[in-house]
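Read in full-length UniProt numbering, the sequence shown has 625 at position 625, and its numbers run on one by one without any break. C-beta: ideal position from N, C-alpha, C; glycine also. The structure appears below as structure tokens.
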Amino acid sequence: SAPSHAPAHPPTWPPHSSAASLPPPPERDYRRSELHQPFAGPGPARPGPPPYHIELPIMQANAPLRHPPQSVPVSPFTAYPDSRDYVDAHHVSYLPPNNAPSPYTPTSEDGPYRSVQIGGEGPQGMPIAPGTAENQKKYLGVKEVPGEGSFHMYEGGFRIPTHVDGEQVNPAWGLTKANKPRKRLALACLDCREKKIKCEPGANSCLQCEKAKRPCRRAPMQPSQQDATAPSTWQNSASSPIRKDFAGPTPQSAHEVDQEIANKRRSRGEPSPSEAPFKKHRSTSPIAVAGSINAEDTRGQGVTAQPSIHALAGKPRKSLDWEEDPYIVDPEVAEHLASLYFIHVGSSTICMFPQGIFFHWMRTCADKCQNERMVLYAILALGSLFAESTFSGYGKRCAQIAKDAVADQTGNHHMSAVQARLLVGLYYFAKGSYDAAWDLNGAAMRACASTMLRYNTEAGCTDGRSARSLGRNEYLLSSHQLAECKRRTFWSAFMMELYDDSVSCSVTLQDVFLRLPCADDVFEQGLKSEAPYYNNDIIDPTSTILTPASPVSPLARLVLLVAIWSDVRSFTNRAVHRPDSSYREAYEAQYMETNTRLGTWSARLPDRLIYSETNLERSVLGGYAGLFITMHTLYHFILVRLNRYVRVAQMSEHLPRNIRRAHHHAQGLLSIIISVRELKRKVAEQVGNRHLESVPVTSFVGYAMISAIDVVSAGGFDSELRPSQDLINGGLELLRELAGYWNSARDQLRESELRFYQIQNICSRPYKAKGGAWLGREWGMKDPLEKEFIKVGHDCIYAAEGGGDDGYSRSYFDALRDSVQEPRSPARSRIASEHGRIT
């Protein structure tokens with residue numbers, strides 16, 4: 001006879017009264033009798049439902065609806081209704097054999113809004129008690145039943161075979177109404193619905209989302225009548241962190257979901273970066289995505305972590321507002337985003353705070369003032385740029401709060417106002433609002449140099465004025481830390497303004513009477529700064545002596561390089577207006593001065609800051625990789641600009657020198673990018689090393705890269721075509737990553753990819769290619785990517801002088817053919833040898 005399949009626990013429904021009058025089922029009829037029956041456990045058999053009974057509510061003849069208002073959502077081992085949302089998902093998750101939750105089991109994003117007390121009716125109208133095994137069937141694994149085969153086992157003794165009619169059964173999806181293995185989702189994910197494509201289940205998400213490398217998003221479940229009447233965890237939904245604090249309201253009906261998709265479809269006009277490694281979706285809350293808080297912990301490990309933030313889902317929280325401390329509103333989100341800020345911004349671009357002290361203040365200070373909260377909101381907004389896409393709404397809300405707070409500070413000059421302007425300005429720069437960013441950065445620099453602050457002087461940074469109003473120093477800093485924080489605030493504003501290729505209207509270098517940023521450990525420990533002053537050619541030279549052993553931060557070395565960049569940028573911009581009579585002399589003087597200053601700068605670098613792949617990896621471990629990479633790319637970028645943008649008609653005898661050196665440093669810059677790319681690949685393989693989780697690269701590197709790509713792709717010999725393509729391709733990979741964070745990198749990526757495809761077109765169609773051509777043993781491009789200086793005859797790389805019948809400059813190829821080695825200073829030779837370059 002057929003084996004018994006009575007449930008191991010007392011059933012929650014009474015046996016059917018007519019069970020005895022019905023014939024027994026055929027033996028081993030898996031598709032009807034045994035697929036949905038409890039497995040017999042140890043102990044005496046207890047009365048239960050008849051063995052032929054099938055627990056498929058939607059197969060009942062008396063079931064008029066596919067979605068009965070009070071029916072219990074079915075498990076994977078029963079037939080699926082159209083909606084796959086399981087109301088008790090925050091209590092139950094189906095685990096496949098690898099113990100990973102099913103990707104199609106809904107997350108607990110709707111948990112706070114639904115009652116956990118779920119009732120309903122079982123088969124043929126029999127009640128099912130809430131919280132029992134019948135409506136909380138957890139997947140336990142595969143078990144071999146002697147004489148019957150292998151089965152997927154579920155909590156409560158239920159089972160389904162691992163194979164039906166020779167086809168494998170997915171334990172997370174079970175069977176269809178016809179008791180066949182389920183192959184398609186009952187309800188497609190939002191992206192597949194939007195694109196109207198087939199949505200097929202995969203290992204961790206649907207196959208289409210896996211191929212596109214995007215998160216698989218699903219529509220929330222339509223609440224039942226009982227859910228609508230059940231008491232919510234939050235009495236006032238407006239205070240919900242999901243609905244207000246983060247990404248806005250979650251659609252609660254199919255109509256609203258369709259409306260949301262339609263709205264997104266209408267707003268898809270903005271171009272997205274080509275081959276972006278990660279497509280951002282900004283429609284969900286950070287709480288709704290597993291592992292979003294620990295994304296940095298798991299990104300390089302290939303492990304899906306359960307989000308610790310779900311522990312907070314059941315507690316009422318306040319909404320984000322300037323009057324509220326964002327750390328108190330949500331500590332885990334604040335910790336996560338602040339950490340990302342210090343990785344990507346606070347250690348490479350705007351290095352104003354000692355990280356350890358800042359986190360101590362954020363966690364322990366319960367009486368943060370409005371000015372401090374304004375800065376904290378701006379920091380969290382910047383951190384959200386580098387977080388998972390689900391934090392976008394949270395970041396926008398923080399940015400709006402910080403922006404409104406900054407607007408309220410008009411006419412008030414204090415350290416926090418300057419810092420908030422810089423941070424919010426960088427956020428809007430990343431978003432592509434360049435005019436707003438320029439206004440905010442300019443306002444920050446003007447405030448720094450105002451008579452009320454005078455942060456460009458040592459006296460203005462050490463007066464301790466800000467401590468009088470609070471009764472304590474901002475951010476719980478010591479007096480020495482506060483003075484250093486003001487210095488770094490000025491230097492951050494100085495660099496942010498000079499990164500912009502425009503005229504500085506706030507302060508000149510001759511007006512800076514300030515110490516350079518001190519060593520980072522000195523800053524953290526609150527010791528007095530012994531860093532030398534910036535040498536503005538006015539201050540006492542004995543106080544400006546800088547050596548490789550000077551107690552300064554890597555930021556100080558970058559500050560000095562930015563000052564050189566400022567002079568070169570200003571000269572090339574102004575030189576187009578110089579008369580021919582004075583241009584040659586002025587250019588040669590600037591050329592010699594710049595090379596001397598760069599030689600002195602490189603000679604004073606400590607060994608750990610000299611470029612090498614070993615030092616590059618060491619900078620990641622030391623937390624200053626962003627500064628290290630920016631420093632050395634800027635070094636090459638300065639020399640590319642100085643050598644390239646020269647008045648061709650007046651400097652004909654020096655053109656070969658300038659062309660060779662511009663090429664040399666453009667290749668050196670892209671070689672650094674290749675090393676960064678290789679380090680990122682190495683980082684991805686080092687699972688568990690938190691220090692190597694990220695190699696931050698600043699947005700300024702994107703501007704340097706497109707200039708280098710423009711020079712390298714201008715042309716060359718056929719033997720150098722493949723190396724040039726490799727260098728350009730390496731730059732494209734990094735630009736694709738930057739395009740995920742910085743709007744400026746998207747345009748740079750688009751232009752660089754176009755140039756790369758133009759070169760490929762030359763190789764495949766040499767006689768029909770547009771924009772470039774083969775020239776015997778040479779290849780070349782006609783038009784530059786950066787066209788500003790070619791219009792006024794100040795571009796020696798794309799100059800038309802000396803051109804042949806084909807329209808290409810022969811002097812350019814003659815300069816590259818010349819193998820004469822240029823004499824270099826020992827310092828420059830040391831840097832070049834460390835880079836492994838050949839002039």
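Here P215 is buried. Its C-beta has 16 or more other C-beta atoms within 10 Å. By DSSP's assignment, G716 forms a beta bridge with W779. Remark: C-beta atoms of Y703 and H794 do not approach each other more closely than 9 Å. Per the C-alpha coordinates, the member of P171, L735, G166 positioned closest to K143 is P171. C796 carries a coil assignment under DSSP once its states are collapsed to helix, strand and coil. Counting every other CB atom within 10 Å of its CB across the protein chains shown gives T698 a total of 16 or more, marking it as buried. Taking the Cβ atoms as the reference, P517 lies roughly 7 Å from V559, within the contact range of under 8 Å. With 16 or more other CB atoms across the displayed protein chains lying within 10 angstroms of its CB, K403 is buried. Contact annotation: A437 and I379 have beta-carbon atoms that are not nearer than 9 Å. Counting along the chain, M374 sits inside the alpha helix (DSSP H) bounded by residues 370 to 384. The residue from L642, R660, A649, Y635 with its alpha-carbon nearest to that of I672 is Y635.
Rounded to whole angstroms, the gap between the alpha carbons of A769 and Y798 is 18 Å.
For H654, no pairing in a beta bridge is given by DSSP. The C-beta distance from W601 to L555 rounds to 14 Å, too long to meet the 8 Å contact threshold. Residue burial annotation: K368 is buried, with at least 16 other C-beta atoms found within 10 angstroms of its C-beta.
The beta-carbon separation of I706 and E751, rounded to 6 Å, stays under the 8 Å limit for a contact. As for any beta strand (DSSP E) of minimum length 3 sitting wholly inside the region 441 to 488, there is none. Beta-bridge analysis with DSSP links M153 to G141, R159.
DSSP places E613 in the uninterrupted alpha helix (DSSP H) bounded by 613 to 622. In chain order, Q650 place their CB closer than 7 Å to the CB of D580, counting only its own chain and leaving out the 5 sequence neighbours on each side. Rounded to the nearest angstrom, the Cβ distance from H663 to V711 is 6 Å, consistent with a contact under 8 Å. Around the beta carbon of T390, 16 or more other beta carbons lie within 10 angstroms, which makes this residue buried. In the same chain as K680, and ignoring 5 residues on each side of it, the C-beta atoms closer than 6 Å to its own belong to V695, in chain order.
C518 carries a strand assignment under DSSP once its states are collapsed to helix, strand and coil.
One alpha carbon belongs to S811, the other to V375, and they sit about 54 Å apart. With distances taken between CA atoms, L440 lies nearest to R421 out of R454, T162, R421, R159. I709 and A739 have their C-alpha atoms roughly 16 Å apart. Taking 8 Å as the upper bound for CB-CB distance, E497 and G442 are in contact here, some 7 Å apart. At least 9 Å separates the beta-carbon of V345 from that of L320. Contact check between the region 603 to 617 and the region 533 to 540: fewer than three CB pairs, one atom from each, fall below 8 Å, which does not count as touching.
Annotated as proximal: A405 and W322, with beta-carbon spacing under 9 Å. For L340, same chain residues with a beta-carbon under 6 Å away, outside a window of 5 residues either side, are G383, F386, A387 in chain order. Collapsing the DSSP output to three states places E167 in a strand. At a Cβ-Cβ threshold of 9 Å, I759 and G776 do not count as neighbours. Spanning the alpha carbons of L527 and Q481 requires a straight line of approximately 7 Å.
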